[in-house]
Structures are given as C-alpha cells and as structure tokens.
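Q: Numbering (my numbering), first residue to last: 18 to 179. Where a beta carbon is used, it is the ideal one built from N, C-alpha and C, also for glycine.
1) Taking Cβ positions, are residue 100 and residue 177 nearer each other than 9 Å?
2) Skipping 5 residues on each side, what residues in its chain have a beta carbon closer than 7 Å to that of residue 33?
3) Classify residue 120: buried if its beta carbon has 16 or more other beta carbons within 10 angstroms, exposed otherwise.
4) Could you tell me which residues DSSP pairs with residue 72 in its beta bridges?
5) How far does the alpha helix (DSSP H) with residue 11 in it reach, from first residue to last?
6) Could you tell me whether the Cβ of residue 151 comes closer than 9 Å to any Cβ of chain C?
7) Taking the alpha-carbon of residue 137 as reference, which of 103, 20, 47 and 89 has the nearest alpha-carbon?
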C-alpha cells in the first residue's frame with residue numbers, strides 16, 4: 018500500500034475532527050482516491066483487526082462503556098475502536114481499562130466505518146468488494162466474564178460508566 022492501514026485511519030480521524038461519527042465519510046473520501054487493489058488490502062487488514070480484537074476482555078470494556086453490549090453492538094464497538102487509531106487500538110488490546118483515557122463516550126459504536134470500505138470499492142469498480150479470505154473465530158478469545166466482575170476487571174472504566 019502506498020499508505021499504511023493506520024495512516025489511512027489516522028487521516029480519516031483527523032479529517033473528521035472532533036465529530037467521531039463523521040469518520041466513516043472521511044474514510045470513504047480517502048478510499049475512493051486509492052486503486053481498487055489497495056482498497057482490497059485495506060479491507061483485509063481491517064478484517065484482521067476485527068479478528069484480533071474479538072476478545073472477551075474488550076467485550077467487557079464495551080459493555081461498561083455502552084451500558085450493555087450485544088454481539089452486534091460489540092462488532093460496532095470494535096469499528097469505533099479501530100477508528101480511534103493505532104495507539105488507542107493497541108493500548109486497548111494490552112489493557113482494555115486504558116479506554117478510560119478517552120473522553121466519556123455515549124454509544125461508542127461506528128458500524129458505518131466498516132461499510133464504507135465496500136461502498137468505496139463499489140463506487141470505483143462498479144462491483145461488490147471481494148470478500149477477504151479470513152478465518153473468523155466462533156468465540157471471542159480469552160476468558161468469559163460475568164457482569165458482576167466487570168468493576169473489578171476494569172476499575173477505571175467502571176468509575177466512569179457505572
């Protein structure tokens with residue numbers, strides 16, 4: 018790729034400014050300037066990040082931040098997490114409680130951030146984006162939590178969101 022995955026995400030975040038819900042449109046604006054094969058590579062890397070973040074501990078953090086979190090909601094939370102950029106994403110993987118450093122969030126879900134990848138490809142090529150060949154796990158990695166344990170597991174997030 019002429020631009021790295023995280024460079025593209027950072028540029029979209031910068032273009033959107035303080036309005037994190039504007040990030041999908043900013044991402045689409047960037048992707049439509051790229052060759053179709055680069056969009057495919059971006060999509061593959063995006064899907065790998067979704068797999069990498071499919072973890073029980075992050076689901077627990079999302080549960081606290083969003084006041085509950087369904088399986089779809091967790092997908093959309095991870096879209097938001099990726100849109101935050103490399104530093105926030107990697108810090109959250111290392112220590113989900115680090116998400117307490119973000120401004121207090123409401124409904125931290127950004128479903129459209131993933132969908133604009135396919136929209137950009139279709140706009141350029143006139144066909145649907147080929148599905149990346151990724152093995153998606155059936156279950157999140159790590160240990161499943163109980164709602165009663167979340168305050169102890171994520172004290173900083175619990176202090177903000179409970």
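A: For this structure:
1) It is not a contact, given that the beta carbons lie outside the stated cut-off.
2) Apart from the 5 residues on each side of it in sequence, residue 33 sits with its Cβ closer than 7 Å to the Cβ of 39, 40 and 43 in its chain, given in chain order.
3) Exposed, since its Cβ has fewer than 16 Cβ neighbours within 10 Å.
4) Paired residue(s): 158.
5) As shown, the chain starts at 18 and ends at 179. That puts residue 11 outside it, with no answer to give.
6) Within the model displayed, chain C is absent; a lone protein chain is all it includes.
7) Closest option to residue 137, judged by alpha-carbon separation, among 103, 20, 47 and 89: 47.
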